[in-house]
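Quick notes on the structure that follows.
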Amino acid sequence: MNEQQRHRTMADEKQDIQTVDANVHRSDSVTAMDKVLVNAKAATEKEQNMSLWQGLKLYPKAVGWSVLISTCIVMEGYDKCLLSNFYGFPKFKEKYGDLQPDGTYELSAAWQSGLSNGAGVGEILGLFINGWASEKFGYRYTVMTCLTLIIAWTAIFFTAQNTTHLLVAEILCGIPWGVFQTLTITYASEVCPIALRGYLTTYVNFCWGLGQVIGIGVIKSMLGRDDEWSYRIPYALQWMWPVPLLVGIYMAPESPWWLVRKGRIGDAKQALLRLTSLNKETDFNADETVAMMAHTTALEEKITHGASYLDCFRGTDLRRTEIVCMAWAIQNLSGNSFSGYSSYFLQQAGLDPATAYDFALGQYGINMAGVFGAWFLMSQFNLGRRTLYLGGLCGLFCMLMIMGFLGLIPESNRQQGALATGAIMIVWAMFYQLTVGTVCYSLVAELSTRRLQIKTIVLGRNLYNIVSIICSVLTPYMLNPTMWNWQNFAGFFWGGSCFLCIIYTYFRLPEPKGRSFAELDLLFEKKVPARKFATTNVDVFHEANHVEDTETFHKYEEKVGAERGV
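Using our numbering, you'd call the opening residue of the sequence shown number 1342 and step up by one each time.
This is the structure:
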């Protein structure tokens, strides 16, 4: 054998060895891929067949931790209620308002808009910060940092001497409130199974209502005081929330989905075990559930372009971002900002302050009860999110038009008209909380991808805040007696806006009920029309199983190999 043949033989042997190694590696990858698919499919089937009661027995700890973190929203609901209802509060107007020719005090429409929008500006900043911070540092540490800031910045509310001080406090406190607005929803959607997802995400809306009820109750109890403590005590009570929440959230487990996205497969399994009660459900397998999370994350890594804000506007994520943004914005466009000024509006319509606050308290109480009503409709009548959302908008449209026509009542019957208006506003609140106000939280949590969820929800909530700012500028001018003084006729304006929302919802909003996150990913990838989401069948393990080249799969494969001692 000559030298050239010997070199060729050695090269062939080397290539054969490389080929064998590659085949072995490919075989190992296929084996690991098969394991991921088998486990992920088993976990998905168990989740989709899980009843509500089974979910509660298996995930009681997840329910508790989700409820705890969602309670952060109570603080924002409380302060927002204070501000909007302070506009009709006599001692507050005397301190921060301007003397009118008739001897009364009134905050100008400009300052009402400025104060209401101050929190919105801070929330926009906080939301964008949350989109980066929570994904980098985790949900727990982000919430704990924000609670610490709330403790410090509440002091500005308590010591405010003029409207400028109040504005600064609203902007600064708006930053952590913006974080709470979206992080609580994301955490709730990631720590619970499909059977509980709709309930725990919509519980966030109950926390809004709870904060509002506490706020209006505190204000009403202060009506009899004739000193500055009548409005300083309500602000001081904001300090009662952060410390116990800090202690509880410090002990809470991190989201297992977030840990999987970070490649911390072992930590994700431990977090999942802390969220479940294994003795309640013998067929639960944490490894299978983690495999489902890894498969879904790998699938999204393959489908989506990246995980930045810009990626929310690329490919199929553009459609998902649009729907999430509009689902949020419709809350304001359907007349919610109008109802937020209920006590002030009813006073302008002819009621005395005490009676106006009684109506407002009833409205906020319905806000809380409406959440449980929505749960009843979802569980007992098996109604989907899209059905409730669309039907609710139709009901809101009717109520707003009735409210507008009540403005035609003669001045001689103004008192009766005001009482009728108050009753209609309570009915409106019932329709809103049974449907749009509650279901929106479930929709925005389910319709975005896991990789881009926090950023998509941030963009949606920021559009909500931008629309809220616009509405907060318009509404005081509509209701203020020194400006447009529309009174009931504002119902026609918001009724027209609500009708446009009905048209959008019918053609663009899909039905996510009962779907796994991976199934929703594939439905959007296949560009299924919104009205056909509920009836289209997809098999994510047959149609989209080539995820072995993704970073998430490699990290999962390394973890499985390490556990086997490979």
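Glycine included, every Cβ here is placed at the ideal spot set by N, Cα and C.
Residues of the same chain with a CB within less than 8 Å of the CB of Q1672, apart from the 5 flanking positions on each side, are V1777, G1778, C1781, Y1805 in chain order.
When DSSP assignments are scanned along the segment 1657 to 1727, the uninterrupted stretches of alpha helix (DSSP H) that are 4 or more residues long and fall wholly within it turn out to be 1657 to 1672, 1683 to 1690, 1694 to 1721. In the DSSP assignment, I1750 falls outside any alpha helix (DSSP H) and carries neither an H nor an E. Around the beta-carbon of W1394, fewer than 16 other beta-carbon atoms lie within 10 Å, marking it exposed.
Close CB contacts of W1825 within its chain, under the 7 Å cut and outside five residues either way in sequence, are with Y1818, M1819 (chain order). In this structure, L1456 lies away from E1388, with their beta-carbon atoms at least 8 Å apart.
The alpha carbon of S1449 has as its nearest neighbour, out of G1438, L1640, N1458, the alpha carbon of G1438. Per the coordinates, the alpha-carbon of K1868 lies some 12 Å from the alpha-carbon of V1879.
In the three-state scheme derived from DSSP, where H, G and I count as helix and E and B as strand, E1435 is classed as helix.
Here E1595 carries a coil assignment [DSSP, helix/strand/coil]. Remark: C-beta atoms of L1399 and F1625 approach each other more closely than 8 Å. Each of A1859, M1391, Q1441, Y1446 was checked against the Cα of E1435, and the nearest Cα belongs to Y1446.
According to the DSSP assignment, F1499 belongs to the alpha helix (DSSP H) that extends over 1480 to 1500. For N1829, the closest of G1801, L1815, R1792, A1759 by C-alpha to C-alpha distance is A1759. In this structure, Y1419 is the residue among Y1419, C1548, S1596 with its C-alpha nearest to the C-alpha of Y1576.
Collapsing the DSSP output to three states places L1864 in a helix. Under the DSSP definition of a beta bridge, E1642 lacks any partner. Residue range 1777 to 1787 is occupied by the alpha helix (DSSP H) that includes V1777. Scanning its chain for C-beta atoms nearer than 7 Å, with the 5 sequence neighbours on each side dropped, one finds around S1789 the residues R1661, V1665, T1797, I1798, in chain order. If you draw a straight line from the Cα of C1413 to the Cα of Q1579, it is about 11 Å long. In this structure, A1384 lies near T1630, with their beta-carbon atoms less than 8 Å apart. Ranked by Cα distance from N1677, the options G1733, A1648, G1647 are led by G1733. As the crow flies, the alpha-carbon of S1530 is around 15 Å from that of S1475. Look at L1397 here: in three-state DSSP terms it is helix. Separation of the CB atoms of G1519 and E1464 is rounded to 4 Å, and the pair is thereby assigned contact status at 8 Å.
Linking A1627 to L1537 through their CA atoms gives a straight-line distance of about 17 Å. Look at the beta carbons and you see the segment 1481 to 1500 not touching the segment 1846 to 1855: under three pairs across the two are nearer than 8 Å.
Contact between the segment 1551 to 1564 and the segment 1699 to 1707 is present, with at least three C-beta pairs closer than 8 Å.
With a cut-off of 8 Å on Cβ pairs, the segment 1594 to 1602 is not in contact with the segment 1493 to 1500, counting fewer than three such pairs. In terms of Cβ geometry, K1477 and S1571 do not form a close pair [threshold 8 Å].
Shown here for T1877: same chain residues with a beta carbon closer than 7 Å to its own, the five before and five after excluded, namely L1864, V1869 in chain order. Judged by DSSP in its simplified three-state form, Y1773 adopts helix.
With distances taken between CA atoms, G1467 lies nearest to L1524 out of P1442, G1444, A1875, L1524. Cβ atoms of G1472 and W1669 stay farther apart than 8 Å, at about 14 Å.
In the three-state reduction of the DSSP assignment, L1564 falls in the coil class, being assigned neither a helical nor a strand state. Inclusion of S1783 and I1535 in the CB contact set at 8 Å is not warranted, their separation being larger than that value.
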